[in-house]
Amino acid sequence: MKNKQTVLVFANESTEVFARAIKERLSHIKDALCIIIGENEFVSTGLQIAKDLLLNPDGIVIKTAKKILEGGPDRGIDRIPSSDITYTDRSVSFVKMRNVFRRYEPKAVVLMSGALAKEALAVRAKFAPDVKVFMLVKDFGIHCGIINHNIDKFFVENMAILTTLANYGVKERQIAVTNIPVPAEFDNAIPKDEAAKTLNLDAQKPVLLFRGGDKLTPSDKTALIELTEFSKRANVLVYCGTNRKLFEFASSLRLKAFNEGYDLNMLYSAADLLITRPVSQNILVALHKKLLCVVIPPSDKLEERSIKGLKGLVIDATAKGGMVTFIDDYLRTPGFEKTYKSVTQEMAERLKRPAAGALIEAITNTFEPEGDKK
Numbered sequence: 050m051k052n053k054q055t056v057l058v059f060a061n062e063s064t065e066v067f068a069r070a071i072k073e074r075l076s077h078i079k080d081a082l083c084i085i086i087g088e089n090e091f092v093s094t095g096l097q098i099a100k101d102l103l104l105n106p107d108g109i110v111i112k113t114a115k116k117i118l119e120g121g122p123d124r125g126i127d128r129i130p131s132s133d134i135t136y137t138d139r140s141v142s143f144v145k146m147r148n149v150f151r152r153y154e155p156k157a158v159v160l161m162s163g164a165l166a167k168e169a170l171a172v173r174a175k176f177a178p179d180v181k182v183f184m185l186v187k188d189f190g191i192h193c194g195i196i197n198h199n200i201d202k203f204f205v206e207n208m209a210i211l212t213t214l215a216n217y218g219v220k221e222r223q224i225a226v227t228n229i230p231v232p233a234e235f236d237n238a239i240p241k242d243e244a245a246k247t248l249n250l251d252a253q254k255p256v257l258l259f260r261g262g263d264k265l266t267p268s269d270k271t272a273l274i275e276l277t278e279f280s281k282r283a284n285v286l287v288y289c290g291t292n293r294k295l296f297e298f299a300s301s302l303r304l305k306a307f308n309e310g311y312d313l314n315m316l317y318s319a320a321d322l323l324i325t326r327p328v329s330q331n332i333l334v335a336l337h338k339k340l341l342c343v344v345i346p347p348s349d350k351l352e353e354r355s356i357k358g359l360k361g362l363v364i365d366a367t368a369k370g371g372m373v374t375f376i377d378d379y380l381r382t383p384g385f386e387k388t389y390k391s392v393t394q395e396m397a398e399r400l401k402r403p404a405a406g407a408l409i410e411a412i413t414n415t416f417e418p419e420g421d422k423k
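Heads up, the numbering used here is the position in the sequence shown plus 49, with the first residue counted as 1.
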């Protein structure tokens with residue numbers, strides 16, 4: 050847009066939190082305008098109508114149709130898309146992307162999945178060659194659907210992902226290691242005792258925080274049932290977000306459950322341990338807060354791959370009985386948490402590493418100097 054340093058961030062339901070974090074991290078820059086655009090806005094009209102008519106969220110149809118219309122998390126995980134970026138005005142999604150570029154005149158585009166990579170790269174190549182297109186790899190493992198060799202830069206959390214991308218033919222100069230931005234609300238440091246008091250917790254007991262994802266998995270259910278065993282020795286909290294099934298299940302076990310309306314930073318601040326599947330947004334906040342994280346069995350291939358990238362940053366409790374054994378030792382053994390001091394030290398070092406803000410720096414480097422703007 051005129052006289053604005055504009056960056057477009059494309060997101061879906063699972064990546065919206067990262068888009069919001071990028072926007073917040075750019076908010077201090079005068080005249081910077083970060084626009085978040087939903088990937089679903091590019092779905093063709095016919096497909097959208099089919100989804101609206103056929104997919105009742107509570108009905109049986111969604112269980113079979115959703116994978117066909119949207120694809121599950123494992124769909125195409127090992128398939129590298131074509132790097133062809135030929136623009137075609139016969140495609141609704143290409144025309145919509147062209148209209149978005151024309152309207153906002155971006156300096157940079159940030160993608161977090163491969164859903165719109167071809168459209169963004171094709172429009173950039175034909176109409177706006179100076180625009181930079183970045184890919185934020187927000188997971189600790191790789192879904193090959195994000196790979197397109199025309200992307201200017203991939204931003205990844207660790208060297209394991211960098212190596213994987215390089216093995217798939219992405220040049221190392223196209224890859225940068227960075228901290229994945231988390232929402233600014235988690236910058237607010239709340240003393241643990243203050244958070245425990247606000248939550249009306251027993252100050253004499255440790256706090257175990259379980260956080261799920263956007264679905265209730267068998268792994269989640271098993272972990273929650275096992276956590277009830279510790280409810281007399283610890284404060285057990287469950288953050289459910291918008292996951293109503295998780296909220297209902299946790300409540301049925303008489304665990305203290307919280308939905309999306311609650312202050313998540315307060316819960317993280319009160320916790321001694323976070324228990325979660327290898328879901329990136331859950332763990333990234335724990336790393337940001339330097340909170341020891343216990344990882345339970347994954348629910349899909351991407352989560353499974355993420356465990357390798359998390360080595361040294363979390364407690365791997367994915368083996369059968371691993372979570373119960375670790376927490377029992379943690380609660381039973383005085384000073385047991387000191388055994389894992391190296392993990393929390395690694396978290397602290399990660400926050401200070403020189404490349405921590407590489408993504409935000411790359412975005413701002415696309416902006417014109419104040420005196421050069423039209």
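We put the beta carbon where it would ideally sit given N, CA and C, even for glycine.
At the C-beta level, residue 68 and residue 228 stay beyond 8 Å of one another.
Straight-line spacing of the CA atoms in residue 123 and residue 129 works out to 13 Å.
Residue 180 sits in coil when the DSSP states are folded into three classes, being neither helix nor strand. If you compare the alpha carbons of 56, 182, 63 with that of residue 73, the shortest gap goes to 56. Fully contained in the stretch 280-361 are the following alpha helix (DSSP H) runs of length 4 or more, in chain order: 293-301, 313-319, 329-338, 350-358. In the DSSP annotation of this structure, the continuous segment of the alpha helix (DSSP H) that includes residue 394 starts and ends at 390-401. DSSP places residue 55 in the uninterrupted beta strand (DSSP E) bounded by 54-60. Here the alpha carbons of residue 360 and residue 282 stand approximately 29 Å from one another. Between residue 363 and residue 332, the beta carbon gap of about 7 Å places them in contact (Cβ cut-off 8 Å). Counting only the Cα atoms, residue 348 lies some 10 Å from residue 265.
Here the stretch 259-277 makes no contact with the stretch 218-236; the two share fewer than three CB pairs at distances below 8 Å. In the structure shown, residue 265 adopts coil according to DSSP, grouped into three states. Here the stretch 321-330 makes contact with the stretch 241-257; the two share three or more CB pairs at distances below 8 Å. In this structure the stretch 169-186 does not touch the stretch 301-313; the number of beta carbon pairs closer than 8 Å is below three. For residue 259, there is no enclosing alpha helix (DSSP H); the residue is part of the beta strand (DSSP E) that begins and ends at 256-260. Distance between residue 274 and residue 370, taken at the CA atoms: about 12 Å. In the DSSP annotation of this structure, the continuous segment of the alpha helix (DSSP H) that includes residue 66 starts and ends at 65-75. Taking a cut-off of 8 Å for Cβ pairs, the stretch 167-183 and the stretch 146-155 touch, as three or more such pairs fall below it. Contact between residue 407 and residue 189 does not hold, since the beta-carbon distance rounds to 17 Å and is not under 8 Å. With a contact defined as Cβ atoms closer than 8 Å, residue 339 and residue 396 qualify at about 5 Å.
Taking a contact as a CB-CB distance under 8 Å, the pair residue 402 and residue 336 does not count as one, their CB atoms being some 12 Å apart. Taking C-beta atoms as the reference points, residue 365 and residue 334 fail to come closer than 8 Å. From the listed residues 243, 52, 86, 137, the smallest Cα separation to residue 79 is found for 52.
For residue 189, the three-state secondary structure derived from DSSP is coil.
With fewer than 16 other Cβ atoms from the protein chains shown falling within 10 Å of its own Cβ, residue 151 counts as exposed. Shown here, residue 160 sits in a strand according to DSSP, grouped into three states. Here residue 162 really is in contact with residue 195; their C-beta atoms are around 6 Å apart, less than 8 Å.
Its chain contains 226 as the residues whose beta carbon lies nearer than 8 Å to that of residue 208, once the 5 sequence neighbours on both sides are disregarded; these appear in chain order.
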